[in-house]
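Undergrad: The opening residue of the sequence shown carries number 43 in the numbering used here; numbering runs sequentially from there.
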Amino acid sequence: MEEKELQNYIRPNYIYAIIGATQSQEKYGYKVLVDLKKKGYKVIPVNSNYEEVAGLKCYPSLISLDERPDVVVLVVGKKNAQKAVQDCLDLNLNKIWFQPGSEYDQAVELAKNAGFEIIIGECIMTETTSCKLDKK
Numbered sequence: 043m044e045e046k047e048l049q050n051y052i053r054p055n056y057i058y059a060i061i062g063a064t065q066s067q068e069k070y071g072y073k074v075l076v077d078l079k080k081k082g083y084k085v086i087p088v089n090s091n092y093e094e095v096a097g098l099k100c101y102p103s104l105i106s107l108d109e110r111p112d113v114v115v116l117v118v119g120k121k122n123a124q125k126a127v128q129d130c131l132d133l134n135l136n137k138i139w140f141q142p143g144s145e146y147d148q149a150v151e152l153a154k155n156a157g158f159e160i161i162i163g164e165c166i167m168t169e170t171t172s173c174k175l176d177k178k
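(1) Between isoleucine 160 and isoleucine 138, is the Cβ-Cβ spacing less than 7 Å?
(2) To the nearest angstrom, how far is the alpha carbon of leucine 75 from that of alanine 156?
(3) Judging by CA-CA distance, which residue of Gln148, Leu131 and Pro142 is the nearest neighbour of glutamate 169?
(4) First and last residue of the beta strand (DSSP E) that includes glutamine 70?
(5) Around the C-beta of serine 66, are 16 or more other C-beta atoms found within 10 angstroms, so that it is buried, or is it exposed?
(6) Roughly how many angstroms separate the alpha carbons of asparagine 55 and isoleucine 86, rounded to a whole number?
(7) How is the beta strand (DSSP E) around valine 115 delimited, first residue to last?
(8) Determine the burial state of threonine 171: buried for a count of at least 16 other Cβ atoms within 10 Å of its Cβ, exposed for fewer.
(9) Buried or exposed: leucine 175, going by 16 or more other Cβ atoms within 10 Å of its Cβ?
(10) Return the residue from the list Met167, Ile61 and Cys165 that minimises the CA-CA distance to leucine 104.
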């Protein structure tokens, strides 16, 4: 992925909402959250099934967040992907990162038709590791 494109998504001061965060340590909803947190990014877990994930307050939905995220990272199934994109549309959150496995056609089409900036087919954990952006 081009570094210029990454600069729109990966910045040290950005807030990342992780849709599909989970307490199940073997699942990517947990791995993505913890990986970004360890790298110093501000992450907010979102999943209506939990009150806390990885020591962080977990929110039931995007609309319930105390802070506006800069990037919404989807780590969810088909049904939840579409709802999450619709929530982004309702809240005018226009940067969505579809983690591999979350890029369902209807959700992606909804995001594209809304004119959102999206990333598909790339893992945010890999991209934040290889990213050589200025950390200012």
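C-beta atoms are modelled at their ideal positions from N, C-alpha and C, and glycine is treated no differently.
TA: Looking at the coordinates:
(1) Sequence index remark: in the sequence shown, residue 160 carries index 118 (1-based). Sequence index remark: in the sequence shown, residue 138 carries index 96 (1-based). Against a cut-off of 7 Å, the Cβ pair of isoleucine 138 and isoleucine 160 comes out as a contact.
(2) Position 33 of the sequence shown, counted from the first residue, corresponds to residue 75. Position 114 of the sequence shown, counted from the first residue, corresponds to residue 156. For leucine 75 and alanine 156, the distance between alpha carbons rounds to 26 Å.
(3) Sequence index remark: in the sequence shown, residue 169 carries index 127 (1-based). Of the listed residues, the one whose Cα sits closest to glutamate 169 is Pro142.
(4) Position 28 of the sequence shown, counting from 1, holds the residue named residue 70. The sequence shown places tyrosine at residue 70, rather than the glutamine named in the question. Unbroken run through tyrosine 70 is the alpha helix (DSSP H), 70 to 80; no beta strand (DSSP E).
(5) On the sequence shown, residue 66 is found 24 positions in, with the first residue counted as 1. Label assigned to serine 66: exposed.
(6) By one-based count along the sequence shown, residue 55 stands at place 13. By one-based count along the sequence shown, residue 86 stands at place 44. The alpha-carbon atoms of asparagine 55 and isoleucine 86 are separated by roughly 13 Å.
(7) In the sequence shown, counting from the first residue as 1, residue 115 sits at position 73. It spans 113 to 116 - the beta strand (DSSP E) in which valine 115 sits, taken as one unbroken run.
(8) To locate residue 171, count along the sequence shown from 1; it is residue 129. Label assigned to threonine 171: exposed.
(9) The sequence position of residue 175 within the sequence shown is 133, counting from 1. Annotation note: pLDDT 46 at leucine 175 (below 50); position unreliable, no value reported.
(10) Locating residue 104 in the sequence shown gives position 62, where the first residue counts as 1. Here the closest residue by C-alpha is Ile61.
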